[in-house]
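> There's a structure below that I have some questions on.
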Amino acid sequence: MIPQDSSPTVNASAGPADPASPQCLVVMYHYVRPQSTINGLSACASDGRIDALSVEDFETQLDRLCAKYEPIDWPKLCSWREGRSALPHRSFLLTFDDGLSDHARYVAPALKQRGLRGVFFVPGVILAKECMLSVHMIHLLLSRLGASQLNELLLAQLREAGDVTSDWLAFTAWHADAETLYHYETRDRARLKYFLTMRLPLPVRNRHLELMFREHIGSPKRWSRDWYLSWDDVVGLQAAGHTVGGHGYRHEPLDRLSETRQKKDMAQVADLFEDAFGSTRRPFSYPYGRVGDSTPTFCREAGFIQAFTTQERWLSPEDDHFLWPRVDTIHVDQFIEKESACPIAP
Ligand SMILES: [Zn+2]
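The numbering of the sequence shown is the numbering used here, which starts it at 67 and goes up by one.
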């Protein structure tokens with residue numbers, strides 16, 4: 067199972083910081099789709115596979131969380147943050163990144179069945195324009211071509227366009243960072259993802275990814291219609307009581323952008339939601355979990371009232387409201403087991 071491309075700071079065995087105080091396990095999900103579609107995807111599918119959490123495993127995890135802890139929704143978390151109510155001794159909050167159509171098709175019905183409400187973090191550009199995010203173009207190209215062939219074709223294309231320098235290819239300088247960030251990947255896939263996401267200048271990366279996607283997968287516009295939530299889906303999620311938050315506008319690692327571009331990116335997604343849904347307080351999750359020194363300040367200035375990272379630990383009262391932790395679905399069992407090993411009576 068591939069969790070996400072979101073640079074988790076892994077501390078999976080950590081129990082609650084202060085076992086006696088209320089703590090919330092904020093769980094982060096990305097792809098959730100039936101096992102039968104993981105290898106087949108759709109009519110315009112690639113012939114490879116996208117690693118995803120199956121709906122069956124998702125539901126099993128939901129039931130385990132419900133059996134152990136008390137579910138809370140985002141309004142409840144806000145109420146606690148503002149001192150208007152207390153949190154249960156041990157609770158959990160469900161979050162879903164990237165605006166994937168999986169979330170309306172498979173996640174929302176599973177939540178409805180259990181009376182749960184989640185937080186869906188949507189990148190603005192997928193609603194404003196019909197396009198594929200680079201992160202998903204990379205997943206699909208890797209799925210179709212494999213890391214070795216994609217690497218070979220990409221470098222040939224970069225060289226042919228005069229877009230590659232020896233500096234960008236000096237892989238050894240950033241190998242360790244790549245393998246930490248994409249710790250759940252093979253070394254080749256980790257390095258290639260890192261090169262495309264964190265190293266190549268973004269305009270160059272975007273231009274070449276789109277060319278390769280068109281050649282090997284298909285029309286980004288056509289794919290985006292099936293891959294992402296529509297406006298109607300987002301309206302439906304909100305009508306069902308879920309919360310919709312920002313996940314960047316272009317879904318770029320914010321620490322790669324200038325301060326001006328960071329501000330613009332976060333303001334764009336805030337404005338998009340405000341135009342569509344009115345002035346409503348919303349949370350944010352940082353794409354790839356990447357945060358520069360001033361990113362939390364810019365996020366607050368854009369109008370969001372809390373922000374989630376990918377630092378993996380229990381959320382506690384002491385946490386900075388713009389650097390709240392989340393635990394990836396693949397590490398949830400470890401967190402439950404660790405906490406269960408040292409239960410503290412409420
Ligand atoms: Zn994301």
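Glycine included, every Cβ here is placed at the ideal spot set by N, Cα and C.
Inspect the CB distances between the segment 146-160 and the segment 123-138 and report whether three or more fall short of 8 Å.
As far as the Cβ criterion goes, the segment 146-160 touches the segment 123-138, which means the pair count is three or higher.
> Helix, strand or coil for Ala305, going by three-state DSSP, please let me know.
Correct three-state label for Ala305: helix.
> Would the segment 277-287 and the segment 121-133 be scored as touching if the rule is three or more Cβ pairs under 8 Å?
Touching, no.
> Based on the DSSP output, what are the partners of Thr390 in its beta bridges?
Before going further, note that residue 390 is Trp rather than Thr in the sequence given. Per DSSP, Phe374.
> I'd like the span of the alpha helix (DSSP H) that includes Met198, first residue to last.
From DSSP, Met198 is part of no alpha helix (DSSP H); its letter is neither H nor E.
> Closer than 5 Å from C-beta to any heavy atom of ligand 1: which residues, in chain order?
Every residue passing the under-5 Å Cβ criterion appears here: Asp163, Asp164 and Pro353.
> Measure the CB-CB distance between Leu153 and Pro88 and report whether it falls below 8 Å.
Cβ distance < 8 Å, so Leu153 and Pro88 count as in contact.
> With DSSP as the reference, label Arg99 as helix, strand or coil.
Strand, per DSSP.
> Using the Cα positions of Lys287 and Glu403, report the straight-line distance between them to the nearest angstrom.
Answer to the nearest angstrom: the Cα atoms are 43 Å apart.
> In its own chain, which residues sit with a C-beta less than 6 Å from the C-beta of Gly369, not counting the 5 before and 5 after it?
Result list for Gly369: Ala336, in chain order.
> Do the segment 317-332 and the segment 289-303 touch if we need at least three Cβ pairs shorter than 8 Å?
Contact between the segment 317-332 and the segment 289-303 is absent, because fewer than three Cβ pairs lie under 8 Å.
> Out of Leu338, Pro391 and Glu122, which one is the CA nearest neighbour of Ser382?
Taking only the C-alpha atoms, the option nearest Ser382 is Pro391.
> May I ask you to report which of helix, strand or coil DSSP gives Arg316?
Note: Arg316 maps to coil in three-state DSSP.
> Is the Cβ-Cβ distance between Lys329 and Phe364 less than 8 Å?
Yes, the Cβ-Cβ distance between Lys329 and Phe364 is below 8 Å.
> What distance in whole Å lies between the Cβ atoms of Leu199 and Leu207, which are believed to be in contact at a cut-off of 8 Å?
With a Cβ gap of about 13 Å, Leu207 and Leu199 do not count as contacting.
> For Pro362 and Leu389, what's the separation of their Cα atoms in angstroms?
Going from the Cα of Pro362 to the Cα of Leu389 covers about 7 Å.
> Just to confirm before moving on: does the CB-CB distance between Tyr250 and Leu166 stay below 8 Å?
No, they are not a contact pair.
> State the DSSP-derived secondary structure class of Tyr17, mapped to helix, strand or coil.
Absent from the model: residue 17. The displayed extent of the chain is 67 to 412, so no value can be given.
> Kindly indicate the opening and closing residues of the beta strand (DSSP E) around Phe186.
Its beta strand (DSSP E) spans residues Val185 to Val188.
> From Gln304 to Val310, what distance separates their C-alpha atoms?
So the two alpha carbons sit approximately 7 Å from each other.
> Rounded to the nearest angstrom, what separates Ile371 and Glu226 at their Cα positions?
The alpha-carbon atoms of Ile371 and Glu226 are separated by roughly 46 Å.
> Rounding to the nearest angstrom, what Cα-Cα distance links Arg255 and His202 in this structure?
Spanning the two alpha carbons is a distance of roughly 14 Å.
> Do you know whose CA, among Ala118, Val121, His313 and Gln101, lies nearest Arg356's CA?
It is His313.
> Please classify Pro353: does DSSP put it in a helix, a strand, or coil?
In this structure, Pro353 counts as helix in the three-state DSSP scheme.
> Once you ignore the five residues that flank Leu275 on each side, which residues in its own chain have a CB closer than 6 Å to its CB?
So the list reads Ser200 and Met203, once near-sequence residues are dropped.
> Any idea what DSSP makes of Leu131, helix, strand or coil?
Reduced to three states, the DSSP call for Leu131 is helix.
> Could you give the distance in angstroms between the alpha-carbon of Pro100 and the alpha-carbon of Glu122?
Those two C-alpha atoms are separated by around 7 Å.
> What residues are listed by DSSP as bridge partners for Glu136?
Answer is Ser157, bridged to Glu136.
> Please state whether the Cβ-Cβ distance between His397 and Glu378 is less than 8 Å.
In contact: His397 and Glu378 (Cβ atoms closer than 8 Å).
> Starting from the Cα of Gly307, find the closest Cα among Ala242, Phe401, Phe186 and Leu119 and give me that residue.
That would be Phe186, whose Cα lies nearest to the Cα of Gly307.
> To the nearest whole angstrom, what separates the beta carbons of Leu323 and Ala194, a pair I think is in contact under 8 Å?
Incorrect: roughly 18 Å between the Cβ atoms, too far for contact.
> Could you give the distance in angstroms between the alpha-carbon of His241 and the alpha-carbon of Tyr354?
The alpha-carbon atoms of His241 and Tyr354 are separated by roughly 18 Å.
> Looking at C-alpha atoms only, which residue of Tyr248, Val393 and Asp385 is the closest neighbour of Thr376?
It is Val393 whose Cα lies nearest to the Cα of Thr376.
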